[in-house]
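A short write-up of the structure that comes next.
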Amino acid sequence: MHKKWIIGGVAVLVVAGAMPWAVGYVTEKQWRQASLEVNSAQPFVQLETDDYRRGFLGAELNGSLILINPETGESYKVSYHGSVSHGVTGSLMSFEPVDGWTPAGADWFPEELPALTLETRLWGHATMDFRIPVTRIDSTESGESLATTGGLIRVDISDLGNHVQALVDWPEIKVNRPDRELRVAGLHMHQDMEYLTGDIWTGKGSVEVASAVIGADEMPPLTLQGFSVVSTSEARDDGQRLDLRITGNLESLSFEQDSYGPHHMVFALDNLEVASWNDLSEGLSDLQAQALSGDAMTTAGIEQQIAAMNKVSNAARNLAAAGFSIGFPEVSLATPEGEVTGDMVITHPELTTDEKAGMLMVMQRLTGKMSLSMPAALAENYPDVRIQVAPLIKEGLMVQEGDRLEMKASMKDMQVDVNGVVMPLPPIF
């Protein structure tokens, strides 16, 4: 019996001793696969691995991170070096730029250097941490400066890449230019996403800013307090339909001695057919990728652009035929003279097979409603507002009811009725 325990113990030690090598093998495979997926998912960031030297307890790798400007196609390349340590259940990877975190002679990080790490597990879990310490960057040429108290960026990936959580936490950021200044306090971002299909993810995300101050020469500062944006996307009907909602809030907006708030706005996109929405997203991505490619004006490039445009057109048609609604169901803005409120929703009914076959344009079946209400004193006391609303009042598109200006509109059969004034819509799409 004692001999069996010894043999079992030796076997456990052998397995435990061999695990770092197995973990290292899996880590390299995971790294190369993740690089391929990052590069194929979007055209803006490309990750290259020049060499990966794997040992028993660790590894060394070198490569490049290429950032591509989506407007010009210009690229910026950063060479990196990585060190990997292998454990029993996972690996810890540490990265740093080959040329260092700062240019020669610069002292951007007076207390400590940034730390970029990636922790991986055999079962497909990974956590990336990017810790930025106290930072001070000054440009003697432009007179611009950037100062921060330090921050954290964290991305947590689980369920073999199907679940992603992202976090950004930055207590304070200050940007100075010779003629203006921006101060942001309490920046917090959080995203929790679940993969659905194609390019579509569902989940919840938020951006919060405790305060932001914008200053300019010879002008009082503009202060925003309690800004937040929360977005939610939820799949239903066994993943066949998708609802999206974005809610924005601002507690107060201050200028000189005056402060106004709160402000509230909601954007909603409901009952989207997932398959058509994914086709539309892929088609738009293809168009963007073609615009950035070097062969955009070649015969092959033009053919690919035409194919992408056809894909976008067909996807939009199918999306409309499946039925959807889009709009701003809630809008509320505080002004010196009172509250401005409004809403707007546009819908398209779900069509039968025969109705879809006879569908010439998306606009034919669109219906919608819109309302806008504002204090009349806002137009009376502020010339810039008065210039905008005066033509509407003259044409009867906005009418005064008591102490408020009102606009009510509806859309049907390619016509818009605004306070009784009917206008035809041009056949655009």
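Note that the numbering used here has the sequence shown beginning at 414, numbered continuously upward. The beta carbon of each residue, even a glycine, is placed where N, CA and C say it ideally should be.
At the C-beta level, Met824 and Gly781 come within 9 Å of one another. Contact between Arg654 and Val687 holds, with the beta-carbon distance rounding to 7 Å and staying under 8 Å. A residue is called buried when at least 16 other Cβ atoms come within 10 angstroms of its Cβ; Ala734 meets this threshold and is buried. By alpha-carbon distance to Ser665, the top candidate from Gly674, Arg658, Ser745, Ser453 is Gly674. The beta carbon of Gly740 lies closer than 6 Å to those of Met757, Val758, Ile759 in the same chain, with the five residues before and after it left out.
In the structure shown, Thr462 adopts extended strand secondary structure according to DSSP, grouped into three states.
Ser504 is positioned such that its CB atom lies no closer than 9 Å to that of Val511. Phe508 counts as buried, since at least 16 other C-beta atoms from the protein chains shown sit within 10 angstroms of its C-beta. In this chain, the alpha helix (DSSP H) harbouring Gly714 covers 712-734.
Taking a cut-off of 8 Å on C-beta distances, the segment 564-572 touches the segment 536-545, as three or more cross pairs fall below it. Cβ-Cβ distances below 8 Å link Ala790 to Glu750, Gly751, Asp816 in the same chain, with the five nearest sequence neighbours on each side left out; the list follows chain order. For Thr440, the three-state secondary structure derived from DSSP is helix. Burial check for Trp690: the Cβ neighbour count within 10 Å reaches 16 or more, so the residue is buried. Counting every other CB atom within 10 Å of its CB across the protein chains shown gives Leu818 a total of 16 or more, marking it as buried.
Residue pairing of Asp656 in beta bridges, as defined by DSSP: Glu647. If the five residues before and after Gly628 are omitted, its C-beta is found closer than 7 Å to the C-beta atoms of Arg593, Glu594, Pro634, all from its own chain and listed in chain order. For the set Val620, Arg534, Ala528, Gly611, the Cα lying nearest the Cα of Ser571 is the one of Arg534. Comparing alpha-carbon positions, the option among Glu763, Leu478, Ser558 lying closest to Arg596 turns out to be Ser558. When only Cα atoms are considered, Ser694 and Tyr608 end up about 15 Å apart. At a Cβ-Cβ threshold of 9 Å, Leu785 and Thr754 count as neighbours. For Thr754, the uninterrupted beta strand (DSSP E) run begins and ends at 751-761, by DSSP.
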